[in-house]
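Colleague: Numbering (my numbering) for the sequence shown: 563 to 748.
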Amino acid sequence: WTTSVPGLALLFAPLTLLFGPDVSYNVAALLLPALAAWTAYLLCRYLTGSLWASLIGGYLFGFSSYMLGHQLAGHLNLTGVFLVPLIALALVRYANGELGGRGLAWRLGVMLALQLSISTEVALTLTLMLALGLLIAYACLPGARHRLLTSLPAIAVGDGLAAVLASPLLYYVLQGYSSGTYADPS
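Below, the structure is given as structure tokens:
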């Protein structure tokens, strides 16, 4: 297996065709932390309403040691986390009653499929943490239990939509796709 980022590759294909893969990679590596900071800013701005708190929250997310460490190591797939705050924002908006079940389902489906096309590791971690977060919220917020339970069908539909949209990638992941042969070092 090799790490691939087909979602980013498609997004940056025009730049790759015009200037080559090195330039395209460098631009993506520079933009991903800033994009992650911006989407975290949007989430923080929604939650706090404070410009300064949101700027700090966005900065801490987008330029954290995690992001900078993976950027310096060349792990483009692990710095493509800009969808995580947007998924959290959709879930919070649903919990606040600003978003219906259909709106949540299609947003989750599209964003999770995109995340799968950027990083299967981040997508799996996101899915597991969403399940854990729902369990913790159910245990700690008795007043929100009804809304949490009503979110489950929308989340399931969103996961199903993501699986359909990412089905070519999932097919190769589940079939043990290998893009080359292994050399014997002896």
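All residues carry an ideal CB built from backbone N, CA and C; glycine is no exception.
Computed from a predicted model, the values in this text were never measured in an experiment.
Please work out which residues of its chain come closer than 6 Å, Cβ to Cβ, to V567, disregarding the five sequence neighbours upstream and downstream, and give them in chain order.
Modeller: L638, N639 and I680.
Colleague: Taking 7 Å as the line, does the beta carbon of P568 fall inside it for any heavy atom of the ligand MN?
Modeller: Looking at this structure, you won't find the ligand MN or any other ligand, since it has none at all.
Colleague: Could you work out which residue in G642, A718 and L597 is closest to L653 when comparing CA atoms only?
Modeller: Nearest option by C-alpha distance: A718.
Colleague: Between which two residues does the alpha helix (DSSP H) carrying L688 extend?
Modeller: From DSSP, the alpha helix (DSSP H) with L688 extends over T682 to C702.
Colleague: Assuming A657 and A706 make a contact with CB atoms under 8 Å, what is their CB distance in whole Å?
Modeller: About 7 Å separates the two Cβ atoms, so the contact holds.
Colleague: Under three-state DSSP, which class holds S612?
Modeller: DSSP places S612 in coil when its eight states are reduced to three.
Colleague: Are there 16 or more other CB atoms within 10 angstroms of the CB of C606, so buried, or fewer, so exposed?
Modeller: Under this definition C606 is a buried residue.
Colleague: When burial is assigned at 16 or more other CB atoms within 10 Å of the CB, is L651 buried or exposed?
Modeller: Burial call: buried.
Colleague: Return the Cβ separation of F543 and A591 in integer angstroms, given the expectation that the two are a contact with Cβ distance under 8 Å.
Modeller: Here the chain covers residues 563 to 748 and nothing more, so residue 543 does not appear.
Colleague: Should T601 and F644 be called a contact, given that it needs their Cβ atoms to be closer than 8 Å?
Modeller: Yes, these two residues count as a Cβ contact at 8 Å.
Colleague: From Y608 to T641, what distance separates their C-alpha atoms?
Modeller: Their Cα atoms are separated by approximately 23 Å.
Colleague: Which word fits R669, buried or exposed, when buried means at least 16 other C-beta atoms lie within 10 angstroms of its C-beta?
Modeller: Buried, by the Cβ-count rule.
Colleague: So the candidates are Q633, S616 and V585; which of them puts its Cα closest to the Cα of L594?
Modeller: L594 has its Cα closest to that of Q633, out of Q633, S616 and V585.
Colleague: Look at the Cβ atom of A693, then the Cβ atom of L710, and state whether they are nearer than 8 Å.
Modeller: Result no, Cβ atoms of A693 and L710 do not sit closer than 8 Å.
Colleague: Three-state secondary structure (DSSP) at Q737?
Modeller: DSSP places Q737 in coil when its eight states are reduced to three.
Colleague: Measure the C-alpha to C-alpha separation of I649 and G665 and round it to an integer number of angstroms.
Modeller: When rounded, the distance between both Cα atoms is 12 Å.
Colleague: Going by C-alpha to C-alpha distance, which of L674, G620, S713 and L613 sits closest to A728?
Modeller: Among L674, G620, S713 and L613, the Cα nearest to that of A728 is on L674.
Colleague: What number of angstroms, rounded off, separates the C-alpha of W563 from the C-alpha of G663?
Modeller: Its pLDDT being 48, under 50, W563 is placed unreliably by the model, and nothing is read from it.
Colleague: Between V672, V646 and L676, which lies nearest to L690 when the distance is taken from Cα to Cα?
Modeller: Of the listed residues, the one whose Cα sits closest to L690 is V646.
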